[in-house]
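Structure, as C-alpha cells:
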Amino acid sequence: MIRYRKPLIVFAAGIAVTGLSLFALDWADKRFPPPIAAARTVSTEILDRDGQLLRAFATREGLWRLKTTADDVDPALIRMLVAYEDRRFDQHAGVDVLALGRAAWQFATNGRIVSGASTLSMQVARLIEPRRERSLTAKLIQIARALQLERRLSKSDILDLYLTHAPYGGNLEGVRAASLAWFGKEPKRLTTAEAALLVALPQLPEKRRPDRFADNALQARKRVLERAEEAKIIEPSEVTFALNADLPRARRQLPALAPHLAEAARRADPTAERHQTTLLRPVQEKLETLAAETARKLDPKVSLALIMADATTGEIVAEVGAADYFDASRSGWIDMTRAERSPGSTLKPFIYGLAFELGLVAQETIVEDRPADFFGYRPKNFDMHYQGDVSIREALQLSLNVPAVRLLDSVGPSRLMVRLRRADVSLKLPPNEVPGLAIALGGAGVTLKGLVQLYAGLANREQPVRLGDGVRDKPGLIDDQPLLEPTAAWTVADILGAVQPPAGSPPAGIAYKTGTSYGYRDAWSVGYDGRYVLGVWIGRPDNAAVPGISGYKTAAPVLFSAFAKSGLAGTALPRAPAGATHLGANDLPVGLRRFSINPNGLVSASAREKPPQIVYPPEGAQLELGRDAAGTPLPLVMKMQAGRAPFRWLVDGKPMTDSTRRRSGEWHPLGQGQATLTVVDADGRAASVNVFIRE
C-alpha cells in the first residue's frame, strides 16, 4: 500500500495544479478580456434606399473603417485569404500548432524567419490591440488574445473583424474601404486580380501601395495567386489572366454624396452605425453633378438647390442642398432646401386651382390684365407690360400678375392658406401680418421642400403626401382631403403641361411653373409628371439680389435637364377624371365667358346679383362617368356660378342634399338615363340643365 501512496500524491498534486492553473487562466481571462467592444467602432455610414453607400464619416481617430462582413465580400476573396493566411482556420482554436512548429524549425535551421505562423485569429488580436514592439512577449500576448477571441467569438465573427480592421495604408482599414478607394466599388463582386491584391496588401500596406510601389504590389499579388492556384482555388488560365491585369494607379475618394442630409442624419442619432435614407444613389450622383456644372456658369456667390420626390409615396429620391458643400464663396454648408424664401409666382397654380374648384372661372374664361388698384395694392407684371383681355389659360401660362391677384381677391387669401395646410405646408408671413393679396406674387416664405410637397399634391391628385426628411421622418400619404378636387388639379396640369420648355431644353412631358421673387433674389422652377415632382431654386444664400436671374431663363433649364438626367422621367400625366373637360370659349355658359371685375379689383356687384347658373355640366351633355379602381361608379361633379348662398341642388325636382354654401356638388346617378339638374339659391332663383347619363 505504501508503494502506491507516492504516485497517488503526485497524481493528486497534478490534478490540483491543473485545477489551479485552469482557475487562474479563467480568472485572468475574465479579469483581462480582449478589447472586442472597442474593436467594433466603425465609420458612420449613410446609405441610399438600396443599401448603396452615399457617404461615410471617418472615426474619431481619422480612420476610414467601414463595417465589413463575409457577406459583403466576394467569396473568391475569402477563399484566397484563408488559403494564403491560415489554411487550417476552421480547425484550430486560435493557434495553429503545426504552423508554429514549422516556423520554429525553419528559424532554428536557417537562422532567420522563413515563414510566419500567425493565424487570422492572432492577426485580429494584433489589429484590435496594436503593440509597437515586436518581441517574444508581444507574440505570447497575441497568442493569449487569440485564444480569448476564439473562446468568445465564432469563426465567422473573427473573420468579420479581420475584414473590417485589415490595414491598407494611410487611414484605410478594412476590405470595403480599400475596395472603394482602389477600385471605386464595393467588394461584393471582384475580379481575380482585385481579390488577390486585397489579400496581399495588409501584410505590408505602406510598402505595397499600388500607386507608389507598383512592383512590390505586383509581386505580392503574384504570390497570392500562386498560393491560390496551388490550393486549387482558381484555374491556371485564370491566374495567367490575373497576372496581366493592370494595377490601380491612384487612390480614389470615398463617396461623399448628399452631405447636408448626411450631416443632419448623424446629428439626429450620433450613435447609429448606419442611416438608411430614401435617396437613390444614381439619381443623387447625377443631380449633384448637374448642380456643380450649372454653378460654374453662375456668379461665384450664387448657389442652387434641388429636390426630387416620388409624388405617390412622398419619398425624397434626390436632394441637393447646395452647388458645392465645401465652396465657402457660395456658403455651401447652408442647406437651401430648408431655407424659407419668397416663392415668386410658384403659388399661382393653387390660386387658379381654387378658382376652378369654386366654379369662378374655366380655362377659356376671359380675364382682364390691366392696371388695377386693390385698395392701395397695385400689382404690376414682371415685364411691366399688360396684355389686356386674356383667357385664364393664357394668364396662368404667361404668369401674369394682375389676373392672379384678381382671382386671389375673389378666392380669399385666408382660404388659400388653409387649403395649403392640407398638404401640411404653412406659409411664413411677415411679422404681425395677416394673409394678403401679395401672397399671389410671393409675399410669404416657403422652403423648396415645402414647395415640392405642395406640387406633389397636384401630381398625386387623390391625396397629398408628406415628404419626410429622407431618413427618419417617414414619408407617406396625409390622411386628409385632396389638395384640390381632381377636376381642378387636372385643369391646372392641363394648362401647365402645355407651357413651352425653355429654349434648348428637350420636351419632358411635364407640367411646370416658374417664379422669380421680388428684387431678383430667387429663381424657382417646379415641375411634375405622372409620378415624380422636382423643384429647383437658384439664388444667393445671403438673400442678396442677383440681377438678371429669372425662373424661366435660369431655373427652368435646370429643371428640364434634371428630369432628363435623373432617368426617372417618362410617366405620363394622369388622364382627365370623370367630369373634367376643356370647353372652348363659345361652349362656355354665359356666366363663365368673362370674369367680371370692378375698378377696385373686386368681383362686381352686378356679378354677385346675377341669378345662379350651372357651369358644369352644360345643357344637353351626354356623360359617361366611369368607375374607380374598386369598380364603384364615380359621381358627377356639378358646378355653378353667381347666385346668393346658401344653395340647394335637386335632381328631377327632388332635393339631393341639405343646403350648402359651396358652389359645387356631387351626384351619384342610380343608372342610365335622362335627368334634370337644378340649383336654387337663397333668393329662390333657379337654374336647370338637362343631361343624359350613359353607362
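Count along the sequence shown from 1, then add 246; that gives the number in our numbering. Ideal Cβ positions, reconstructed from N, Cα and C, are used throughout, including at glycine. Bear in mind that the values here come from a model prediction, so they are computed numbers and not experimental data.
Residue 731 vs residue 935 beta-carbon contact at 9 Å: The residue given as residue 731 occupies position 485 in the sequence shown. The residue given as residue 935 occupies position 689 in the sequence shown. Not a contact, by the Cβ cut-off of 9 Å.
Rounded C-alpha distance that separates residue 919 from residue 872: If you number the sequence shown from 1, residue 919 lands on position 673. If you number the sequence shown from 1, residue 872 lands on position 626. Taking the CA atoms as reference points, residue 919 sits about 15 Å from residue 872.
Span of the beta strand (DSSP E) around residue 427: If you number the sequence shown from 1, residue 427 lands on position 181. Counting along the chain, residue 427 falls outside any beta strand (DSSP E), though it belongs to the alpha helix (DSSP H) covering 421-429.
Sub-9 Å separation of residue 728 and residue 708 beta-carbons: What you label residue 728 is simply residue 482 of the sequence shown in a count that begins at 1. What you label residue 708 is simply residue 462 of the sequence shown in a count that begins at 1. It is a contact, given that the beta carbons lie within the stated cut-off.
Cutoff 8 Å; reference residue 425; Cβ partners in own chain excluding five residues on either side: Position 179 of the sequence shown, counting from 1, holds the residue named residue 425. 431, 432, 433, 436, 440 and 444, listed in sequence order.
6 Å CB neighbourhood of residue 467 in its chain, flanking five on each side removed: The count along the sequence shown starts at 1 and reaches residue 467 at position 221. Closer than 6 Å at the Cβ level, and outside the excluded window around residue 467, lie 442, 443 and 446.
Cβ pair residue 618, residue 652 closer than 9 Å: As a working note, residue 618 is residue 372 in the sequence shown. As a working note, residue 652 is residue 406 in the sequence shown. Yes, these two residues count as a Cβ contact at 9 Å.
Exposed unless 16 or more other CB atoms sit within 10 angstroms - verdict on residue 910: Reading the sequence shown from its first residue, position 664 is the one you call residue 910. By the beta-carbon neighbour count (other beta carbons within 10 angstroms, threshold 16), residue 910 is buried.
Sequence-distant residues of the same chain with beta carbon closer than 6 Å to residue 494, five excluded per side: Start at 1 with the first residue of the sequence shown, and residue 494 comes out as number 248. For residue 494, where only same-chain residues beyond five positions count, the Cβ hits under 6 Å are 428 and 456.
Backbone CA spacing between residue 574 and residue 766 [nearest angstrom]: To locate residue 574, count along the sequence shown from 1; it is residue 328. To locate residue 766, count along the sequence shown from 1; it is residue 520. When rounded, the distance between both Cα atoms is 22 Å.
Residue from 748, 835, 866 and 395 whose Cα sits closest to the Cα of residue 605: Numbered from its first residue, the sequence shown carries residue 605 at position 359. Distances from the alpha-carbon of residue 605 to those of 748, 835, 866 and 395 put 835 closest.
Simplified DSSP assignment, three categories, for residue 290: Along the sequence shown, read from residue 1 onward, the residue named residue 290 stands at position 44. In the structure shown, residue 290 sits in a strand (DSSP, three-state: E or B).
DSSP-derived helix/strand/coil call for residue 451: Here residue 451 is taken as the residue at index 205 of the sequence shown, counted from 1. Coil at residue 451, not helix or strand.
Length of the line joining the Cα atoms of residue 890 and residue 925: Reading the sequence shown from its first residue, position 644 is the one you call residue 890. Reading the sequence shown from its first residue, position 679 is the one you call residue 925. Residue 890 and residue 925: Cα-Cα distance of roughly 11 Å.
Separation of residue 860 from residue 937, as counted between CA atoms: The residue labelled residue 937 in the question sits at position 691 within the sequence shown. The residue labelled residue 860 in the question sits at position 614 within the sequence shown. Looking at the two C-alpha atoms, the distance is approximately 12 Å.
Residue range of the beta strand (DSSP E) that includes residue 303: Numbered from 1 along the sequence shown, position 57 holds the residue referred to as residue 303. It spans 299-303 - the beta strand (DSSP E) in which residue 303 sits, taken as one unbroken run.
Where the beta strand (DSSP E) through residue 896 begins and ends: As a working mapping, residue 896 is identified with position 650 in the sequence shown. From DSSP, the beta strand (DSSP E) with residue 896 extends over 894-897.
For residue 939, the three-state DSSP class (helix, strand or coil): On the sequence shown, position 693 is the one that residue 939 refers to. Note: residue 939 maps to strand in three-state DSSP.
Residue 600 and residue 734 closer than 9 Å at C-beta: For this step, residue 600 is matched to residue 354 along the sequence shown. For this step, residue 734 is matched to residue 488 along the sequence shown. Yes; because the gap between Cβ atoms is below 9 Å, this pair is in contact.
Reference residue 318, options 330, 299, 307 and 336, closest by Cα: Stepping through the sequence shown from its first residue, residue 318 is reached at position 72. If we check each option's Cα against that of residue 318, 299 comes out closest.
Residues near residue 471 in its chain [Cβ-Cβ closer than 6 Å; skip 5 each side]: In the sequence shown, the residue the question calls residue 471 occupies position 225. Close CB contacts of residue 471 within its chain, under the 6 Å cut and outside five residues either way in sequence, are with 442, 485 and 488 (chain order).
C-alpha distance - residue 654 paired with residue 634, whole-angstrom precision: On the sequence shown, position 408 is the one that residue 654 refers to. On the sequence shown, position 388 is the one that residue 634 refers to. The straight-line gap from Cα to Cα measures roughly 19 Å.
Candidates 646, 563, 539 and 567: closest to residue 591 by CA position: For the purposes of this step, residue 591 is taken as the residue at position 345 of the sequence shown. With distances taken between Cα atoms, residue 591 lies closest to 646.
Pick from 523, 554 and 324 that is closest to residue 565, judged by C-alpha positions: Here residue 565 refers to the residue found at position 319 of the sequence shown. Considering only alpha carbons, the answer is 554.
CB of residue 282 within 9 Å of CB of residue 511, strictly: Residue 282 sits at position 36 when you count from the first residue of the sequence shown. Residue 511 sits at position 265 when you count from the first residue of the sequence shown. For residue 282 and residue 511, no; Cβs fall outside 9 Å.
9 Å Cβ cutoff met for residue 688 and residue 588: Start at 1 with the first residue of the sequence shown, and residue 688 comes out as number 442. Start at 1 with the first residue of the sequence shown, and residue 588 comes out as number 342. Taking 9 Å as the Cβ cut-off, residue 688 and residue 588 qualify as a contacting pair.
Residue 496, buried or exposed, once every other Cβ within 10 Å from all chains shown has been counted against 16: In the sequence shown, counting from the first residue as 1, residue 496 sits at position 250. The residue is exposed, with fewer than 16 neighbouring Cβ atoms inside 10 Å.
Residue 454 versus residue 412 - alpha carbon distance: Working through the sequence shown from its first residue, we reach residue 454 at position 208. Working through the sequence shown from its first residue, we reach residue 412 at position 166. C-alpha separation (whole angstroms): 14 Å.
Three-state secondary structure (DSSP) of residue 934: Position 688 of the sequence shown, counted from the first residue, corresponds to residue 934. DSSP places residue 934 in strand when its eight states are reduced to three.
Of the listed residues 582, 694 and 562, nearest to residue 715 (C-alpha basis): The count along the sequence shown starts at 1 and reaches residue 715 at position 469. Closest by alpha carbon: 562.
Beta strand (DSSP E) runs contained entirely in the region 522-580, provided each spans 3 or more residues: Taken in chain order, the complete beta strand (DSSP E) segments of 3 or more residues contained in the region 522-580 are 549-556 and 562-566.
Buried versus exposed call for residue 800 [16 or more other C-beta atoms within 10 Å across all chains shown]: For the purposes of this step, residue 800 is taken as the residue at position 554 of the sequence shown. Residue 800 comes out buried.
Where the alpha helix (DSSP H) through residue 741 begins and ends: Along the sequence shown, read from residue 1 onward, the residue named residue 741 stands at position 495. 732-742 is the extent of the alpha helix (DSSP H) around residue 741.
Same chain only: Cβ atoms within 6 Å of residue 929, ignoring 5 sequence neighbours per side: Numbered from 1 along the sequence shown, position 683 holds the residue referred to as residue 929. The residues are 890.
Of the listed residues 537, 611 and 596, nearest to residue 669 (C-alpha basis): Indexing the sequence shown from 1 puts residue 669 at position 423. Nearest of 537, 611 and 596 to residue 669, Cα basis: 596.
Short Cβ contact (9 Å threshold) for residue 568 with residue 777: Within the sequence shown, the letter at position 322 stands for residue 568. Within the sequence shown, the letter at position 531 stands for residue 777. Not a contact, by the Cβ cut-off of 9 Å.
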